[in-house]
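Residue numbers (the UniProt record's numbering), protein chains in the order written: chain A, 1 to 208; chain B, 1 to 208.
Protein chains: 2
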Amino acid sequence: METLRERKKRRTREALLRAALELFTTQGYEQTTIDEIAEAVDVSQRTFFRYFAGKEDAAFAVQAMTEEAFVAAVRARPPHEAPMKALRQAFLEGWDTIRETVESVVPVELHLRMYRSIESTPALLAAHLRRSAATEETLARVLAEREGVDVDADPRPRLAVAVFGGVIRVTERHWCTSEDFGLESIRMLTATYLDQVGSALTGNWRTS
Amino acid sequence: METLRERKKRRTREALLRAALELFTTQGYEQTTIDEIAEAVDVSQRTFFRYFAGKEDAAFAVQAMTEEAFVAAVRARPPHEAPMKALRQAFLEGWDTIRETVESVVPVELHLRMYRSIESTPALLAAHLRRSAATEETLARVLAEREGVDVDADPRPRLAVAVFGGVIRVTERHWCTSEDFGLESIRMLTATYLDQVGSALTGNWRTS
DNA sequence: TTGTCAACTGTCAGTGGCTGTCACTAGCCT
DNA sequence: AGGCTAGTGACAGCCACTGACAGTTGACAA
Numbered sequence: 001m002e003t004l005r006e007r008k009k010r011r012t013r014e015a016l017l018r019a020a021l022e023l024f025t026t027q028g029y030e031q032t033t034i035d036e037i038a039e040a041v042d043v044s045q046r047t048f049f050r051y052f053a054g055k056e057d058a059a060f061a062v063q064a065m066t067e068e069a070f071v072a073a074v075r076a077r078p079p080h081e082a083p084m085k086a087l088r089q090a091f092l093e094g095w096d097t098i099r100e101t102v103e104s105v106v107p108v109e110l111h112l113r114m115y116r117s118i119e120s121t122p123a124l125l126a127a128h129l130r131r132s133a134a135t136e137e138t139l140a141r142v143l144a145e146r147e148g149v150d151v152d153a154d155p156r157p158r159l160a161v162a163v164f165g166g167v168i169r170v171t172e173r174h175w176c177t178s179e180d181f182g183l184e185s186i187r188m189l190t191a192t193y194l195d196q197v198g199s200a201l202t203g204n205w206r207t208s
Numbered sequence: 001m002e003t004l005r006e007r008k009k010r011r012t013r014e015a016l017l018r019a020a021l022e023l024f025t026t027q028g029y030e031q032t033t034i035d036e037i038a039e040a041v042d043v044s045q046r047t048f049f050r051y052f053a054g055k056e057d058a059a060f061a062v063q064a065m066t067e068e069a070f071v072a073a074v075r076a077r078p079p080h081e082a083p084m085k086a087l088r089q090a091f092l093e094g095w096d097t098i099r100e101t102v103e104s105v106v107p108v109e110l111h112l113r114m115y116r117s118i119e120s121t122p123a124l125l126a127a128h129l130r131r132s133a134a135t136e137e138t139l140a141r142v143l144a145e146r147e148g149v150d151v152d153a154d155p156r157p158r159l160a161v162a163v164f165g166g167v168i169r170v171t172e173r174h175w176c177t178s179e180d181f182g183l184e185s186i187r188m189l190t191a192t193y194l195d196q197v198g199s200a201l202t203g204n205w206r207t208s
């Protein structure tokens, strides 16, 4: 049971978040000031900073939820599954259940729009890549534990995750610049690209 | 022949750069203000911004040189060479000639210290990853042209470069956190990790 | 119900990165 | 020698962000 105070807090936070994402995606991240966001929710600028560590933090609040869900999905994969297979399946699962993960806070449609804004805003892209790097470090440790190897002595967990992350970034980039913003197209792209990594590494592109 | 004005400009720029890197690496990036850098060179804060787009720009000025050299090295590789091989050789070449590339502006030792500061400063790490992403895009186009494929239709150039970039990041991270700061250790790590990508992808880590 | 405490919020002042403007100086060129 | 212009300093201002302090509102016990 949620107390009145907690309810108010949650409402303020979600109102700020929605206002921020709405403004970011319509008029641009850099063009949006904290004052505007606070004004849209009718709170002081200071209050915004009590809910979010900064402008960037608001932009990534929803991403953080989906990333967390992804890591949890990898942890939940059957232990006998091969590492790359586990990552692949968990990732596809994540996109399958994204509506349930996100909709309780903001509309999925808004989240997807924000996703694209991140890719096209240099400052946010930088933050996104750093966050991804942190997630990759977590995943490397998860995989290492699954396989019973030492993550600091054996480079393979980090290498596998780095390759996976690289493919995801190529997918993200393609999806963000394409016309088809459907969820299904992300899943399909990811699966296709993961299948093609092998042939991309062997350098006989001209003969195929 | 360089005119007096040009000489003065170059001196001011290099003095600012050296002062900036020195301060960043000794007392930390966030702890260093632009005023401090300007004061160390005895110019106004405004002048700093006439030479560098921002604090970040100064931190990456030397990195930009080495990245450019790396891309040029890839372009200079014999056309018959396989893509991954070309990237590998160009990268190793880059570290072989880094002294010549860098020393004309700042001491290599300072550059290497800055390299490590970047990895341990969140804001700089983010910027570094975004810059790397931009370089990877360039490289993908170079490789696509070499191999005569369309970079937007065929995902393999971007995939190959993404995998290569991922391995490089694992290498960077390892090197920055290790004790051995020698140039030779970077080359060796890179070569080793590139060789291990294959076995990292096939998931039988427990049996080896 | 009422009083007390703690949580939440607004206001204000200040720092640091960054930009525009404008007047001034110093190197360049005829 | 004198005009032109690149380079500079000084100043004012915007915005993200932080600390300090006071006011308000919900929680809880007497």
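C-beta: ideal position from N, C-alpha, C; glycine also.
Quiz item: Counting contacts by CB-CB distance shorter than 8 angstroms, is MET84 of chain A in contact with chain B?
Solution: yes
Quiz prompt | Within-8 angstroms CB hit, ARG141 of chain A to chain B | solution = no
Exercise. Look at the alpha carbon of THR97 of chain B and the alpha carbon of LEU125 of chain A, and state the distance between them as a whole number of angstroms.
Key: 31 angstroms
Quiz item: What residue range is occupied by the uninterrupted alpha helix (DSSP H) comprising THR12 of chain A?
Solution: 4 to 27
Exercise. Step through the CB atoms of chain A and report whether any lies within less than 8 angstroms of the CB of SER199 of chain B.
Key: yes
Quiz item: With respect to the alpha helix (DSSP H) encompassing THR138 of chain B, which residues constitute its N-terminal and C-terminal limits?
Solution: 122 to 147
Exercise. Run the proximity test for ALA123 of chain B: is its beta-carbon closer than 7 angstroms to any non-hydrogen atom belonging to the ligand GDP?
Key: Only the bare structure without any ligand can be found here, which leaves the ligand GDP out of the picture.
Quiz item: Closer than 8 angstroms, CB to CB, is ASP130 of chain A near chain B or not?
Solution: Before going further, note that residue 130 of chain A is Arg rather than Asp in the sequence given. Cβ-Cβ to chain B under 8 angstroms: yes for ARG130 of chain A.
Practice problem: For residue 209 of chain A, count neighbouring Cβ atoms within 10 angstroms of its own Cβ and tell me buried if that reaches 16, exposed if not. | Solution: As displayed, chain A neither begins before 1 nor continues past 208, which places residue 209 of chain A out of reach and without an answer.
Quiz item: Taking one C-beta from the stretch 47 to 58 of chain A and one from the stretch 86 to 101 of chain A each time, how about it: are there three or more such pairs within less than 8 angstroms?
Solution: no
Exercise. Below 7 angstroms between beta carbons is the criterion; list the residues of the stretch 161 to 185 of chain B that meet it against any residue of chain A, in chain order.
Key: ALA162, VAL163, GLY165, GLY166, VAL167, ARG169, VAL170
Quiz prompt | Alpha-carbon to alpha-carbon, ARG13 of chain A and THR47 of chain A | solution = 10 angstroms
Quiz item: Where does PRO83 of chain A land, buried or exposed, given buried means 16+ other C-beta within 10 angstroms?
Solution: buried
Quiz item: Mind pulling the chain B residues with CB within less than 7 angstroms of GLU147 of chain A?
Solution: TRP205, ARG206
Quiz item: Applying a beta-carbon distance threshold of less than 9 angstroms, which residues of chain A neighbour LEU17 of chain B?
Solution: Within 9 angstroms Cβ-Cβ: nothing; LEU17 of chain B doesn't reach chain A, min ~22 angstroms.
Quiz item: Is there a Cβ from chain B that is less than 8 angstroms from the Cβ of LEU92 of chain A?
Solution: no
Quiz item: Residues of chain A with CB under 8 angstroms from LEU87 of chain B, in chain order?
Solution: Within 8 angstroms Cβ-Cβ: nothing; LEU87 of chain B doesn't reach chain A, min ~10 angstroms.
Practice problem: Whole angstroms is fine: what's the gap from THR138 of chain A's alpha carbon to THR207 of chain A's? | Solution: 39 angstroms
Practice problem: In angstroms with no decimal places, state the Cα-to-Cα distance between SER185 of chain A and TRP205 of chain A. | Solution: 25 angstroms
Quiz item: In chain order, what residues of the same chain lie with their CB nearer than 6 angstroms to the CB of PRO157 of chain A, ignoring the 5 residues before and after it?
Solution: ALA140, LEU143, ALA144, VAL151
Quiz item: For VAL161 of chain B, does the three-state DSSP call read helix, strand or coil?
Solution: helix
Exercise. Please work out which residues of its chain come closer than 8 angstroms, Cβ to Cβ, to VAL102 of chain A, disregarding the five sequence neighbours upstream and downstream, and give them in chain order.
Key: VAL62, MET65, THR66, VAL108, HIS111
Practice problem: Kindly indicate the opening and closing residues of the alpha helix (DSSP H) around GLN196 of chain B. | Solution: 183 to 201
Self-check item: Beta-carbon proximity of ALA127 of chain A to PHE49 of chain A, cut-off 8 angstroms
Solution: no
Quiz prompt | Cβ shell of ALA160 of chain A (< 7 angstroms), same chain only, five flanking positions each side left out | solution = PRO83, MET84, LEU143
Quiz item: Where do the ends of the alpha helix (DSSP H) carrying MET84 of chain B lie?
Solution: 83 to 96
Quiz item: Contact check, VAL163 of chain A vs VAL197 of chain A under 8 angstroms by CB: the rounded distance?
Solution: 7 angstroms
Quiz item: Where do the N-terminal and C-terminal ends of the alpha helix (DSSP H) with PHE49 of chain A fall, by residue?
Solution: 45 to 51
Self-check item: SER120 of chain B classed as buried or exposed, judged by whether at least 16 other C-beta atoms fall within 10 angstroms
Solution: exposed
Quiz prompt | Where GLN63 of chain A sits in the DSSP three-state scheme | solution = helix
Quiz item: What number of angstroms, rounded off, separates the C-alpha of THR190 of chain B from the C-alpha of ALA69 of chain B?
Solution: 17 angstroms
Quiz item: Can you name, in chain order, every residue of its own chain whose Cβ lies under 6 angstroms from the Cβ of ALA20 of chain A, other than the five neighbours on each side?
Solution: ILE37, ALA58
Practice problem: Assign GLY166 of chain A to one of three DSSP states: helix, strand, or coil. | Solution: helix
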